[in-house]
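Residue numbers for the sequence shown follow UniProt numbering, so the first one is 1 and each next one is one higher.
Note sheet for the following structure.
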Amino acid sequence: MVPGAAAAKVAAEYIRQRLGPDAPVPVCGIVLGSGLGGLADRIERAVRIPFSHVPGFPTATVAGHAGQLLVGMLGGRQVIAMAGRFHMYEGHEAALAAFPVRVMHALGARVYVASNAAGGVRRTFNPGDLMVISDHMNLMFRNPLFGAVEPGDERFPDMSDPYDAELRALLHESARTTGVPLQDGVYCGLLGPTYETPAEVRMLERLGVDAVGMSTVPEVIVARALGMRVAAVSCITNKAAGLSLEKLNHAEVMEAGRAVAGRFEALIAEFVGRLP
Numbered sequence: 001m002v003p004g005a006a007a008a009k010v011a012a013e014y015i016r017q018r019l020g021p022d023a024p025v026p027v028c029g030i031v032l033g034s035g036l037g038g039l040a041d042r043i044e045r046a047v048r049i050p051f052s053h054v055p056g057f058p059t060a061t062v063a064g065h066a067g068q069l070l071v072g073m074l075g076g077r078q079v080i081a082m083a084g085r086f087h088m089y090e091g092h093e094a095a096l097a098a099f100p101v102r103v104m105h106a107l108g109a110r111v112y113v114a115s116n117a118a119g120g121v122r123r124t125f126n127p128g129d130l131m132v133i134s135d136h137m138n139l140m141f142r143n144p145l146f147g148a149v150e151p152g153d154e155r156f157p158d159m160s161d162p163y164d165a166e167l168r169a170l171l172h173e174s175a176r177t178t179g180v181p182l183q184d185g186v187y188c189g190l191l192g193p194t195y196e197t198p199a200e201v202r203m204l205e206r207l208g209v210d211a212v213g214m215s216t217v218p219e220v221i222v223a224r225a226l227g228m229r230v231a232a233v234s235c236i237t238n239k240a241a242g243l244s245l246e247k248l249n250h251a252e253v254m255e256a257g258r259a260v261a262g263r264f265e266a267l268i269a270e271f272v273g274r275l276p
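This is the structure we're talking about:
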């Protein structure tokens, strides 16, 4: 059975026991995508919990994902962060891919901050660019809310503004402060694990997609069903298939993520410190 709201409460209680009774409520939950896990080292006084210890969490299997949950201080604020995530291409249901968001919400986080590695569909994108997600397209053809409604969920969540406009503006303010170039665009989630074909990329381009990846969308859907505010940043790690002569592989995706890590970390730390 895929874990839901009740399982999230169990996981949250386990984490609270690890943190102790005086731990503050996290201002936000953060998920770190492929090659972007270096932000975890900026979290001060971090309590690190392996995914395998958290009730309901599977083990992370993807290279570049440390498979740890961290709770500590970032930008002077208490956060809960996932160094890694669960993908549907690993064989997980959409609801399980989004389960950590339920746990973050059960711990009191009301803002969800996602990050991911993505291929650049927009022709002007280059590896190392950072993109604030302004909207998404779900071509995974899976929905984590399918089935019986979970306690606390909106049955029919409004997705007309899934990525909070005020939080997007705050990301841009943080980018100006830190001197980090930042763009906006539409992210498309595909199931994976294969990279896209050139024909698929041409289709995505015509549909208005700017970047493409294999995560994030299920998490955002659950966050919105729970009433959480959402912000998300894509690291463009490569030009999508057919837009360059380079072959695509995961090692280069991780390397591109590491190359932009300093800018990404500065941006998110500044952003978290500015959260209301």
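Backbone N, C-alpha and C define an ideal beta-carbon position, used for all residues, glycine too.
All of these numbers come straight from a predicted model, not from anything done at the bench.
Are residue i and residue j touching if we call contact CB-CB under 8 Å?
{"i": "proline 26", "j": "valine 101", "result": "no"}
{"i": "aspartate 22", "j": "arginine 122", "result": "no"}
{"i": "proline 144", "j": "isoleucine 30", "result": "no"}
{"i": "residue 313", "j": "proline 162", "result": "No answer is possible for residue 313: the residues shown for the chain start at 1 and end at 276."}
{"i": "cysteine 235", "j": "serine 115", "result": "yes"}
{"i": "glycine 213", "j": "alanine 98", "result": "no"}
{"i": "valine 233", "j": "leucine 107", "result": "no"}
{"i": "glycine 72", "j": "arginine 45", "result": "yes"}
{"i": "arginine 85", "j": "serine 215", "result": "yes"}
{"i": "methionine 140", "j": "leucine 204", "result": "no"}
{"i": "valine 132", "j": "aspartate 184", "result": "yes"}
{"i": "arginine 168", "j": "serine 134", "result": "yes"}
{"i": "valine 54", "j": "alanine 11", "result": "yes"}
{"i": "arginine 263", "j": "valine 180", "result": "yes"}
{"i": "leucine 69", "j": "glycine 152", "result": "no"}
{"i": "isoleucine 49", "j": "arginine 16", "result": "no"}
When you compare each of the options to residue i by their alpha carbons, which one comes out closest?
{"i": "arginine 176", "options": "Leu191, Val201, Arg274", "result": "Arg274"}
{"i": "alanine 259", "options": "Lys247, Ala46, Thr237, Ser174", "result": "Thr237"}
{"i": "proline 193", "options": "Arg263, Pro50, Tyr14, Gly91", "result": "Gly91"}
{"i": "phenylalanine 125", "options": "Ala232, Leu182, Met214, Phe264", "result": "Leu182"}
{"i": "glycine 76", "options": "Met131, Tyr89, Ile43, Arg18", "result": "Ile43"}
{"i": "arginine 229", "options": "Val149, Arg202, Val113", "result": "Val113"}
{"i": "histidine 87", "options": "Leu167, Glu265, Arg142, Val201", "result": "Arg142"}
{"i": "glutamate 196", "options": "Ala81, Pro24, Phe146, Gly119", "result": "Gly119"}
Spatial neighbours of residue i within its chain, please: C-beta separation below 7 Å, excluding the five flanking residues on both sides.
{"i": "asparagine 138", "result": "Gly189, Val217"}
{"i": "serine 174", "result": "Leu267, Glu270, Phe271, Arg274"}
{"i": "valine 2", "result": "Glu93, Ala95, Leu96"}
{"i": "residue 301", "result": "There is no way to answer for residue 301, as the model of the chain reaches only from 1 to 276."}
For residue i, which residues in the same chain have their Cβ closer than 8 Å to its Cβ, ignoring the five residues on either side in sequence?
{"i": "alanine 261", "result": "Gly35, Leu36, Gly38, Leu39"}
Who pairs with residue i in a beta bridge, going by DSSP?
{"i": "alanine 81", "result": "Ile30, Leu70"}
{"i": "aspartate 135", "result": "Val186"}
{"i": "leucine 130", "result": "Cys235"}
{"i": "asparagine 116", "result": "Ser234"}
{"i": "glutamate 44", "result": "Met73"}
{"i": "proline 50", "result": "Gln68"}
{"i": "glycine 213", "result": "Gly189"}
{"i": "arginine 229", "result": "Val111"}
For the ligand NAD, is there a heavy atom less than 7 Å away from the beta-carbon of residue i?
{"i": "arginine 123", "result": "The model on display carries no ligand, and the ligand NAD is accordingly not part of it."}
Apart from the five residues just before and just after residue i, which ones in its own chain have a Cβ nearer than 6 Å to its Cβ?
{"i": "alanine 256", "result": "Pro127, Thr237"}
{"i": "phenylalanine 57", "result": "Phe51"}
{"i": "alanine 8", "result": "Arg102, Val103, Ala106"}
{"i": "proline 198", "result": "Ala241, Gly242"}
{"i": "proline 24", "result": "Gln78"}
{"i": "alanine 251", "result": "none"}
{"i": "lysine 239", "result": "Gly120"}
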